[in-house]
Structures are given as C-alpha cells and as structure tokens.
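Asks:
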Amino acid sequence: MITANEVTKRYPEGREALKGVSFEITAGEMVFLTGHSGAGKSTLFKLLAAIERPTSGSIVINGQNLAALRRNAIPYLRRKLGLIFQDRKLLFDRNVLDNVLLPLAIAGHPAKEAQRRAQAALAKVGLHDRERTLPIALSGGEQQRLAIARAVVNRPAIILADEPTANLDAASAIEILEIFRAFQQVGVTVLIVTHDPLCPPGMRPRVLRLAHGQMTEQPPCPSADGVVP
Amino acid sequence: MKAWFAQHLAALRDALRRLTAAPLNTLLSLLVVGVALTLPTAGWLALENLRQLTSDTPGVQQISIFLSLEAGKREVSEIESRLKEARVGNWRFVPRDEALKRLQASEGMAEIIASLPRNPLPDAFVITPADPQPESLEHLAKVFAGWPKVAHVQLDSEWVKRFDALLRLGRLVVMLLGALFAGALVTITFNTIRLQILAQAAEIEVARLVGATDTYVRRPLHYFGMLQGALGGLCAALLVTGGFQLLIPPVSELTRLYGASFTLQSLSPGDVARLAAIGGALGWLGARISVMMHLRRLT
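As they're listed, the protein sequences go chains A and B.
full-length UniProt numbering puts the first residue of the first sequence at 1, with every later residue one more than the last.
full-length UniProt numbering puts the first residue of the second sequence at 1, with every later residue one more than the last.
1) Cβ atoms of T189 (chain A) and I25 (chain A): under 9 Å apart, would you say?
2) Does A202 (chain B) get closer than 9 Å to chain A when you measure Cβ to Cβ?
3) So, under 8 Å CB-CB, L100 (chain B) and L121 (chain B) are touching, yes? Tell me the CB distance rounded to an integer number of Å.
4) Please go through the same chain and pick out, in chain order, the residues whose beta-carbon is closer than 6 Å to the beta-carbon of Y11 (chain A), but skip the five residues on each side of it.
5) Roughly how many angstroms separate the alpha carbons of G280 (chain B) and V21 (chain A), rounded to a whole number?
6) Could you name the residues of the same chain whose beta carbon sits closer than 6 Å to that of I145 (chain A), not counting the 5 residues immediately before and after it, in chain order?
7) Excluding sequence positions up to five away, which residues of its chain have a Cβ less than 6 Å from the Cβ of S58 (chain A)?
8) Could you round the C-beta distance between F190 (chain B) and L53 (chain B) to whole angstroms and report it? I think they count as a contact, below 8 Å.
9) Could you check the C-alpha separation between R194 (chain B) and T187 (chain B) for me, to the nearest Å?
10) Suppose contacts are defined by Cβ-Cβ distances below 9 Å. Is V96 (chain A) in contact with R132 (chain A) by that definition?
11) With 16 as the cutoff for other CB atoms within 10 Å, does R79 (chain A) come out buried or exposed?
12) Pick out whichever of B:A10, B:L137, B:L31, B:L27 has its Cα sitting closest to the Cα of L239 (chain B).
13) Once you ignore the five residues that flank L18 (chain A) on each side, which residues in its own chain have a CB closer than 7 Å to its CB?
14) Suppose you measure from the CA of A149 (chain A) to the CA of L48 (chain A); what does that come to, to the nearest Å?
15) Report, in whole angstroms, the separation of the C-beta atoms of P103 (chain A) and V153 (chain A), which I expect to be a contact under 8 Å.
16) Tell me which same chain residues have a C-beta within less than 6 Å of the C-beta of I2 (chain A), skipping the five on either side of it?
17) Would you tell me roughly how many angstroms separate the C-alpha atoms of S77 (chain B) and R168 (chain B), rounded to the nearest one?
18) Assign I204 (chain B) to one of three DSSP states: helix, strand, or coil.
19) In angstroms with no decimal places, state the Cα-to-Cα distance between P197 (chain A) and Y76 (chain A).
20) Which one or two residues does DSSP pair with residue 247 (chain A) in a beta bridge?
21) Is T43 (chain A) close to chain B? Criterion is C-beta to C-beta, closer than 9 Å.
22) The UniProt domain "ABC3 transporter permease C-terminal" (176 to 290) of chain B: which residues have C-beta closer than 8 Å to a C-beta of chain A, in chain order?
23) Check whether chain B comes within 9 Å of P110 (chain A), counting only Cβ atoms and requiring the distance to be less than that.
24) Under the three-state reduction of DSSP, which class applies to R209 (chain A): helix, strand or coil?
25) For P129 (chain B), write down the residues that DSSP places opposite it in a beta bridge.
26) Nearest to D271 (chain B) by alpha carbon, out of B:L254, B:A230, B:M292?
27) What does A3 (chain B) reach in chain A if we use C-beta pairs closer than 7 Å?
28) Does the Cβ-Cβ distance between S266 (chain B) and Q154 (chain B) come in under 9 Å?
29) Quick check on S266 (chain B): does DSSP put it in helix, strand or coil?
30) If I follow the unbroken alpha helix (DSSP H) through K2 (chain B), where does it start and stop?
31) Please work out which residues of its chain come closer than 7 Å, Cβ to Cβ, to F144 (chain B), disregarding the five sequence neighbours upstream and downstream, and give them in chain order.
32) Using C-beta distances below 8 Å, list every residue in its chain close to A184 (chain B), excluding the 5 sequence neighbours before and after it, in chain order.
33) Is it right to say G226 (chain A) is buried, meaning 16 or more other beta carbons lie within 10 angstroms of its own, or is it exposed?
34) For a cutoff of 9 Å on Cβ pairs, would you count A130 (chain B) as touching chain A?
35) Is the region 82 to 94 of chain B touching the region 161 to 179 of chain B in the sense that three or more CB pairs, one from each, lie closer than 8 Å?
36) Taking a Cβ distance cut-off of 7 Å, strictly less, list which residues of the region 1 to 30 of chain B are near chain A, in chain order.
Shown next, in the form of structure tokens:
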C-alpha cells in the first residue's frame, strides 16, 4: 500500500533531511512514525502527502509513484488520502460542518450527499452536535477531531496524521488515538507521525523510528501507562 | 457535465459571498470601476447623439439641386428619371410655389416676398444620399451639376468634411479614453484579486491540501473579477443614464430654438448589456492575470 525505497530529501541549502529511507506499510496496518525533533518525520510526512518531492528514491502509494507524479495529478491523489496536520489547518471563519464539507465540495459531490456524508463523519468523531459551531469555540481535542472528520469524509484508504496528539492532554490524546484505531479496524491504513508514541491499552501499532534522517531499530510502542509490552 | 455545472455554480456562489462579505469595499470598488467605464461610455454616447443630430437636421449631408427658372415639367420628369436610375438614396421634389410658400412663412419674409414682381425661386430636388461619406457626396454633386437644366447644386462639402473629421477625431479620443480606462479597470481588478488572494491565503492552502485543483482555486476568483466588472458596467450605465436624463430637457429646448426637433438618446437595453459584458470581460482579464501571478507565489 505504501512503499518507500531509498528515499532521500536534500533541501536547496544543502541540508539532508532524509538519507536513503526505506519501509513498507501494508493495507489496513496502523503505524507510528517516531523520532526526535529534526529526525525527518515531518519531511517524510510532506513527501507522503505530495507536498514536497523526494530528491531521489521512490514512494509508491496505491501503485502511484509520487516522485513521477505530474503536478496536476497531485490534487486527485490527495483526495484519496486523509491528511491531518500538526496545526490542523481548519478554516476558522467557517463552521464545523462547512469545514468538513470542503473536501466533498472540491471532489464535486452533490450538495445533499455531501451534507449526509459530512454529518456522518462528524458523528464518527463525536461532533454531530457541534455542526454550527465555529472552530474557535472548540477545545484542542475537539479541533483535532474536526480535522479527523475532514480527513476521513472522502472515505480515504490511507490516513496520514502529523502529530495529531501534540498539545493535547493525555485523555484527549487517547480519545484521538481511539478514533484512529476505529478507522484501522475497518481496513483503513493509518500512519501517525509522532514524537511521543503512547499507545492506549490494547493498541499495538508497528513503530518506525527515524533518527538523523535514517530508519533505525523499531522499538515496540509503550502503553499509555508507560509499560513497554 | 452535471458536476462541472455544479462546480461553476458553487464558484459563482462563492464569488457572490466574497462580494457581499465586505459591502462597503465592494461598493467603493464598483464605483471606481463604474466611473472608469462612465467617461468613455458618455463620450461614445455624445458622439452617437451628435451623429444622429446632424443626420436628422435638414441641410446636413443633403444635396439640393436647383433647376434653372426656365425648366419645365419635361425637365423635372427627366431629372426624376435620372435620380431613379442612379439610386442615390431618398429624394424629394420641391416645386417653386411650395418653396415660395415656405419662405413666406418665415418670420419677416412675408412683406419682402409680397413686394417681388414674380416668384424668384426655382424648382428643386432635395436628395438624402444613401452613402453620407463626404467623398461620395462630392462625387454625386459633380454628377448632378452635369445634368441638363440644373442651374446649381448645393452641398456644403467643407462643412460636411469638417464635421466628419471632427467626428473621427471624437471617435479616436473616445477609443483612446476607452483603452486607457479599460487598462485602469484591469488594474483595479488585478489589485482587488491580489488582496483577495492574500486575505484568503490560508483557505487556498487548506483547499489545495484537501485536493483542490488549480482550476478549483482559480474559478471563484475569475468569477469575482467578472462579477465586479459586470456590476461596474451596470454602475456606469446607471451614471451615464442619470447624467443624460438631466441633459435631455435643456438639449431638447436648445434644438427647438434652432428650429429642429431632437431628443437626446440615452443607452438602450442592448447598450447596457454590452457595457456589462465589456466590464465583465475586462474584470475577468484582470482577475486572470492577477491569479496567474499571485497563486504561483502561494504554490
């Protein structure tokens, strides 16, 4: 489903953020991508979301090599991905429902169907009673759930989340991770980029670890109570 | 096709939402666009009225053929036949008695005419040529002068030439003004769209990240420019119509004092539609250039 092969990313100023990174994520898998600040996690997220292109190597998502993807094909790839950003990227002048309707409007869904799907997505993340609320009135955890609803409303096969639990208290973070697990359990592939890999009880995702732009050993995920299984 | 139409409708709605989101800014922009279109439109309309006025005024762009005093019915018939053959346009025969009656009706002329021993006026033909170009009028006058029993052909060709040159100059000035203000309209829209893009940079970024194509992002901005231009065109039509409505009574009075009947023509519904379409096209052009330049920077 996601295959990275000898991926390198070098920025124009000469900094090499990724050095020959390779990994494979199979369909329906849940994976944590961890590492310290500057390890290259966010760079890898940007490459997977086709926000940037690798300097060398290949990233193949659902059979599409992102390195060879034409610029005008990128939007159509993104419609098949559920992207969640560290800063959430919500539209604060639009209410909760309109934020979730945006990807559906872009994909050209009829208004009625879009409305139904947006409401269903909000129900999945527990925001069905906040449709008319502006995002500014939501808590951090609720804003993150709104970002998830927007990401999943197009029913993507892959969810890519960059630091979705950052700046959240432990309880909210676990709620968010539980939502991701629910999607994984119905066959969605979930890749979570995080510097702090905590696993709620019963969740055992595979962990990929980046250090200085390279894949290192893959430690197991510590549970929420700090116990490494 | 249905999805394509729905997306255009959504873009149009989005553009309308943006226009109504800041009503004062929108109103000011529309006024600026309206004023930019008002000047060349008013100039064009004034020229059209002037052209109409001169074509309606007797003696202008007309040729008068005066026959010699000894010309009889036979000669009049021959001239009529020649005019029919030549197909020069509309013409009218003015018998010498009718001409005398008209002269008598003129203020202060009755006594003078009465003192004359006989009717000094000749039979005449008044021709309104189909082709009003000065060169064509001069050519016709020369032809008429060569016909038998024609004593005099009257055409104020110098006046017609001067007036035609004046009209051409006027048209050129209006065209230059039009080009200048069209450039201004494109610039105004360019800047408005630039500000829109800057104000909505976050929204554009989010839209792109969730799968918006460049076309999807550009479309509402194009509609915005087009709507602003078209509404500006309507605003210009309103200003021009208002101005001409104020001018109609004094102009009618003035022309009446000169013995003519003339009503100033304002913009027709077709003219208003054309003005809105021109404004819309120029607005779309300004938006397109702005979007092309500024969206690239956001990429």
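Here a beta-carbon is modelled for each residue, glycine too, at the ideal position from N, C-alpha and C.
Every value quoted in this text rests on a predicted model; they were computed, and no experiment measured them.
Replies: A quick look at the data gives this:
1) For I25 (chain A) and T189 (chain A), yes; Cβs fall inside 9 Å.
2) For A202 (chain B), the nearest beta carbon of chain A is closer than 9 Å to its own beta carbon.
3) Between L100 (chain B) and L121 (chain B), the beta carbon gap of about 5 Å places them in contact (Cβ cut-off 8 Å).
4) Take Y11 (chain A), set aside five residues on each side of it, and no residue of its chain has a beta-carbon closer than 6 Å to its own.
5) Straight-line spacing of the CA atoms in G280 (chain B) and V21 (chain A) works out to 53 Å.
6) Note on identity: in this sequence residue 145 (chain A) is Arg, with Ile being the wrong assignment. The residues are V125, L127.
7) If we look at S58 (chain A) and ignore the five residues flanking it on each side, its Cβ neighbours are N5, N65, A67.
8) Between F190 (chain B) and L53 (chain B) the beta-carbon gap is near 39 Å, outside 8 Å, which marks them as no contact.
9) Near 10 Å, if we compare the C-alpha coordinates of T187 (chain B) and R194 (chain B).
10) In this structure, V96 (chain A) lies near R132 (chain A), with their beta-carbon atoms less than 9 Å apart.
11) That one is buried.
12) Measuring from the Cα of L239 (chain B), the nearest candidate turns out to be B:L31.
13) Excluding residues within five positions, the ones whose Cβ falls inside 7 Å are V7, T8, K9, G40, T43, L44, G213.
14) Computed Cα separation, rounded: 20 Å.
15) Indeed, because the Cβ distance is near 6 Å, the residues count as touching under 8 Å.
16) Answer for I2 (chain A): I25, I61, listed in chain order.
17) Spanning the two alpha carbons is a distance of roughly 39 Å.
18) Residue state, collapsed to three classes: helix.
19) One C-alpha to the other measures close to 31 Å.
20) Because chain A spans 1 through 229 in this model, residue 247 (chain A) falls outside it and cannot be assessed.
21) Not an interface residue.
22) The UniProt domain "ABC3 transporter permease C-terminal" (176 to 290) of chain B vs chain A, Cβ under 8 Å: A202, E203, E205, V206, A207, R208, L209, V210, G211, A212, T213, D214, Y216.
23) Under the 9 Å criterion on CB atoms, P110 (chain A) is classed as interfacial with respect to chain B.
24) In the three-state reduction of the DSSP assignment, R209 (chain A) falls in the strand class, which pools E and B.
25) Answer is B:G89, bridged to P129 (chain B).
26) The shortest C-alpha separation from D271 (chain B) is found at B:A230.
27) Result: G108.
28) No.
29) S266 (chain B) falls in the coil class under three-state DSSP.
30) Note, K2 (chain B): alpha helix (DSSP H), 2 to 21.
31) Shown here for F144 (chain B): same chain residues with a beta carbon closer than 7 Å to its own, the five before and five after excluded, namely I63, I65, V150, V153 in chain order.
32) So the list reads A36, once near-sequence residues are dropped.
33) In this prediction, G226 (chain A) scores a pLDDT of 47, lower than 50, which makes its location untrustworthy; no coordinate-derived value is stated.
34) It does not: the Cβ of A130 (chain B) has no partner Cβ on chain A nearer than 9 Å.
35) Segments in contact, no.
36) Listed in sequence order: A3, A6, Q7, A10.
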